[in-house]
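Protein chains: 2
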Amino acid sequence: MKFFLSLALCLFSLSAFSQAQDAAQIRKIFDEALERGESYEMLRYLTKEIGGRLSGSPQAAAAVEWSRQQMMAYGFDTVYLQPVMVPHWVRGDREVGRILNSKKLGSKEVKVVSLGNAVGTGPKGTIGQVIEVKDFQELAALGRENVEGKIVFFNRAMDPKLMDTFSAYGGASGQRGAGPSEAAKYGAIGAIVRSLSSFKDDIPHTGSTRYALNVPKIPAVAISTNNADMLSALLADDKDLQFYFETSAKMLPDVLSYNVVGEIRGSEFPEEIIAVGGHLDSWDLSEGAHDDGAGCVQSIEVLRLMKALDYKPKRTIRAVMFMNEENGLMGGRKYAELAAQNNENHIAAMESDRGGFLPIGFGISGTKSEQEKMLSWAPLFQPYGIYQFKRGGGGADISPLRTQDVPTIGYIPDSQRYFMYHHTAIDNFEAVNQRELELGAAAMASLIYLIDQYGL
Amino acid sequence: MKFFLSLALCLFSLSAFSQAQDAAQIRKIFDEALERGESYEMLRYLTKEIGGRLSGSPQAAAAVEWSRQQMMAYGFDTVYLQPVMVPHWVRGDREVGRILNSKKLGSKEVKVVSLGNAVGTGPKGTIGQVIEVKDFQELAALGRENVEGKIVFFNRAMDPKLMDTFSAYGGASGQRGAGPSEAAKYGAIGAIVRSLSSFKDDIPHTGSTRYALNVPKIPAVAISTNNADMLSALLADDKDLQFYFETSAKMLPDVLSYNVVGEIRGSEFPEEIIAVGGHLDSWDLSEGAHDDGAGCVQSIEVLRLMKALDYKPKRTIRAVMFMNEENGLMGGRKYAELAAQNNENHIAAMESDRGGFLPIGFGISGTKSEQEKMLSWAPLFQPYGIYQFKRGGGGADISPLRTQDVPTIGYIPDSQRYFMYHHTAIDNFEAVNQRELELGAAAMASLIYLIDQYGL
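Listed in order, the protein sequences are those of chains B and L.
The first sequence runs 0 to 455 under numbering that gives the first Met the number 0.
The second sequence runs 0 to 455 under numbering that gives the first Met the number 0.
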């Protein structure tokens, strides 16, 4: 009995000791990030010197080369490229929208942006009567007799009452992803989509649409939330109103691009890989600062922090810059394909793709015991205001790894401001706050450190 | 025994019932604020239509009249003014700073802003050798022989490692408040203060200085953190460097101004008052959006939310727009003085003066039982990411009420971005996010609701 008591005491002290050690290491990580963090300066380069980085663009190629050089300059053990073919969609020069025949306004210009992957209207434009719906049920109820030859206006708003704005996004984003093809099934000639914004403002949000097979590809544009409200109000008693829009978007042949990988080799279990990443591509309208320049530089910073603190990881820590999250996910798929092909053993993968905002937590997808292990570390993050440790999480780029049973972790920053910037022309460097960005990198590095120490 | 068991069960159900009721009421408050909140539109008016509101300025008078009208328009039961004499400091037109005789740069212009309440240099300006110190100990060690006839440069940085940036501010703000007079004690002819910013940037921050009695009043300016770093680097091997600055600030005679009070009369205990406020005055360099337009409109919104939800408070809920927090606190003092004079029974006072950022908590100063009562409500705020309930808190304007043993509550939003904007030219409407602002008002209204229901 005495022996067991001593053993228990001994184990308890060991655990108390290692907990204090972990707390101290995490404090060091945060101090380094807050005093000498380099995420912000990296982001400045990526956004200001390179800019928007749509897959297939020269800027995407520049970003590949920049991140390769940056990780080499930091002295990571290995830095390499993973070739991957990606879609090459271009917006073209002309984007014009106009309300016509309005009883109240006559003709009025409305800012439009083509949805990503969408076909253009060509120089003749698309013109038609507008029929407004809130969801696909309404569309189906209208049927072909009411939709054929018209432009469908999807006007579903994000629910402002949800604290997690990504849930609100999820509740409305179907109209952008699947809306145009749904409308085309009933003979629509074009689609207008209410921007996926948490705010009433004048800024249109782009984003991918996915054409269904065997359905005509119709052109599709987004308009701002204020313009959507205006259009809806006009339509209420103005059945003759027409909308004209012209876009010159087109899909070009696929091009060769790359994921960029940098790693620090593990000292004890080099075959066990912990990946952390973001996506290097962005939409073309802005510099792609929150989406997802932030996640890229934070992922590089996780490894840099370890080196700066002279921390030698037991496992291999890998920063991955995924290509083509926005309009294809070809990079994420390729990464998982190569991981399987090379029999790589990923013990965890983390993604930062919710913007460079204040860190509030992490979500994990995995087995119950993997989830519980991560949840048990929550108290170590309390001093940093990081309180949300929850089941379920990951990121688009790392989602293909789930089929190999890799636990995936989504880094969660506060989401209140994200859908002001997301996929707009204002997602620029100035929209990112230095402390919030660096704190995020520290939070990510701290969790990676714990996974490196204890596994999941 | 059975009786007590039944009683206990009954009390338990009652408490579970009222907890569910409270959770539902708080959900309603957040829904109303997120769907139809009016803080943001009020803030737009106060910042864009009125602008900076330094005590004694025409804009401060306009803000008094606006908030009076706004609260009348909302139909609060009583709206009235509390006359109070306030200092009337003016910056004047000229603010010029220049490094002279630098070995490296020769002569170089440096943006300066006069500290609030400071005297001006007059058209001849102040010129002198610069002596850099980090704190008052260093200054004392230098003594009169090294300081007399020179300009003291206080270059203490805010500690970036502190998560609560207000603590970092507290650790460095003495150089602004007391620095000029400390320097004057040793014969200095002017003071330059490193801006109290969490960031390295080019924006100088103003703020009050307080001249000590019987010490010469010397002119004092702030320079940006980047310029402070530059000046410090130049001084390292350039003892002949001089600094010239010219300011035309001056203190005019006190003027009559007002606190503005609006209240909803309590239905059961009208004599018990719960006050919630912010300060209406701001610095003159910007529109005073975070500091403290946000706190004012949130306080009005607390009462508006109650009316919008048809909630009839048991106690009297009072929104107070305090005047002159920035350079005198005359409004806060007058409010407490009148409360004592009129034998008012404040059961709690809350202040919002940390910007319109994401709500994370509340701090309370009061008796142990008052603190514990508030802390016990924390779980009701968890769904909204509000996790920091702590002992100690309040606000400058409500601090005079503490001498009457009124428990004071400080509303705590996230502080990471605050000291980018604080007292600068960029504390404008655009720096405030609508959802963060409205969530703050909802958080404040929710806690006021609980205090109204149960007392403290």
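C-beta: ideal position from N, C-alpha, C; glycine also.
Kindly indicate the opening and closing residues of the alpha helix (DSSP H) around Glu-131/L.
Note, Glu-131/L: premise wrong, no alpha helix (DSSP H); beta strand (DSSP E) at 125-132.
Can you give me the C-alpha to C-alpha distance between Asp-283/B and Arg-52/B, rounded to a whole angstrom?
6 Å
Bridge partners for Glu-336/B per DSSP, in chain order?
Answer by DSSP bridge pairing: none, since Glu-336/B is not bridged.
Examine the Cβ distances between the stretch 217-226 of chain B and the stretch 171-190 of chain B and report whether three or more of them are shorter than 8 Å.
yes
With the cut-off set at 9 Å, would you say Tyr-383/L and Leu-438/L are in Cβ contact?
Yes, they are a contact pair.
Find the residues of chain B that neighbour Pro-382/L, judging by a C-beta separation of less than 8 Å, and give them in chain order.
Met-162
Just by C-beta distance, which residues in the stretch 219-236 of chain B are closer than 9 Å to chain L?
none
Under the three-state reduction of DSSP, which class applies to Lys-83/L: helix, strand or coil?
Correcting the residue type first, residue 83/L is Val in the shown sequence and not Lys. Val-83/L falls in the strand class under three-state DSSP.
Kindly indicate which three-state DSSP category Tyr-410/B falls into: helix, strand or coil?
In this structure, Tyr-410/B counts as strand in the three-state DSSP scheme.
Less than 9 Å separating the beta-carbons of Ile-408/B and Ile-363/B?
yes
Just list the residues that DSSP pairs Glu-245/L with in beta bridges.
Val-95/L
Can you tell me where the beta strand (DSSP E) holding Ala-347/L begins and where it ends?
344-350
Reducing DSSP to helix, strand and coil, say where Ala-444/L ends up.
helix
What span of residues does the alpha helix (DSSP H) with Thr-46/L cover, start to end?
No alpha helix (DSSP H) contains Thr-46/L, which DSSP labels as neither H nor E.
In chain L, which residues lie with their C-beta within 7 Å of the C-beta of Pro-159/B?
Leu-33, Glu-34
Between which two residues does the beta strand (DSSP E) containing Met-320/L stretch?
314-321
Under three-state DSSP, which class holds Tyr-453/B?
helix
Alpha carbon to alpha carbon, what distance is there between Met-349/L and Cys-295/L?
12 Å
So, is the C-beta of Gln-415/B closer than 9 Å to a C-beta in chain L?
yes
With DSSP as the reference, label Arg-35/L as helix, strand or coil.
helix
As an exercise, report each continuous beta strand (DSSP E) stretch of at least 3 residues that is fully enclosed by the stretch 230-302 of chain B, in chain order.
As far as the stretch 230-302 of chain B is concerned, its whole beta strand (DSSP E) runs of at least 3 residues are 241-246, 249-263, 268-278.
Determine the extent of the beta strand (DSSP E) in which Arg-390/L is found, giving its start and end residues.
387-390
Using only the heavy atoms of the ligand MN, determine whether one of them is closer than 8 Å to the beta carbon of Arg-90/L.
Among the components modelled here there is no ligand, and therefore nothing to report on the ligand MN.
Can you look up Ile-425/B in the DSSP assignment and give me helix, strand or coil?
Here Ile-425/B sits in coil by DSSP.
Take every Cβ of the stretch 260-268 of chain L, pair it with every Cβ of the stretch 307-325 of chain L, and state whether three or more of those distances are shorter than 8 Å.
yes
Any Cβ of chain B within less than 9 Å of the Cβ of Leu-42/L?
no
If I follow the unbroken beta strand (DSSP E) through Ala-190/L, where does it start and stop?
189-193
Between Ile-359/L and chain B, is the shortest Cβ-Cβ distance under 9 Å, so that the two count as touching?
yes
At the level of alpha carbons, what is the spacing between Met-443/L and Leu-400/L?
19 Å
Within 9 Å of any Cβ in chain B, is that where the Cβ of Tyr-386/L sits?
yes
Are there 16 or more other CB atoms within 10 angstroms of the CB of Met-71/L, so buried, or fewer, so exposed?
exposed
So is Gly-148/L buried or exposed if we call it buried at 16+ other beta carbons inside 10 Å?
exposed
Any contact between the stretch 199-214 of chain L and the stretch 233-241 of chain L? By contact I mean 3 or more CB pairs, one from each, below 8 Å.
no
When you check each C-beta in the stretch 174-208 of chain B against every C-beta of chain L, which residues fall closer than 7 Å?
If the cut-off is 7 Å between Cβ atoms, the stretch 174-208 of chain B has Ser-197, Phe-198 near chain L.
Determine the chain L residues that contact Gln-433/B at a beta-carbon separation under 8 Å, and present them in chain order.
Listed along chain L are Phe-198, each with a C-beta nearer than 8 Å to that of Gln-433/B.
Can you grab the Cα-Cα spacing for the pair Tyr-453/L / Leu-374/L, in whole Å?
13 Å
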